[in-house]
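Residue numbers (this note's numbering): 7 to 65.
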């Protein structure tokens with residue numbers, strides 16, 4: 007179950023207030039601080055304690 011696109015326009019990262027984007031796993035990702043927030047039953051869980059760090063590729 008995805009997230010409503012209208013809601014997505016209003017959401018920001020609670021840590022840095024940066025924009026979030028929906029990834030392929032239906033999680034909200036903040037590229038500015040490399041956190042990924044879960045979406046449960048179509049509702050975003052925008053709690054820093056619930057976020058997981060995004061792994062970045064090393065070159």
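No residue lacks a Cβ here, since even glycine has one placed at the ideal position from N, Cα and C.
{"Check": "Using 8 Å as the threshold, is the C-beta distance between residue 33 and residue 20 below it?", "Outcome": "no"}
{"Check": "Kindly list the residues whose CB is nearer than 6 Å to the CB of residue 52, restricted to its own chain and excluding five residues on each side of it in sequence; keep chain order.", "Outcome": "20 and 43"}
{"Check": "Using three-state DSSP, classify residue 58 as helix, strand or coil.", "Outcome": "strand"}
{"Check": "Can you list, in chain order, the residues of its chain with a C-beta nearer than 6 Å to that of residue 36? Leave out the 5 residues immediately preceding and following it.", "Outcome": "19, 24 and 26"}
{"Check": "Helix, strand or coil, according to DSSP, for residue 65 in the structure here?", "Outcome": "For residue 65, the pLDDT reaches just 45, beneath the cut-off of 50, and the residue's location in the model is therefore unreliable, leaving the point undetermined."}
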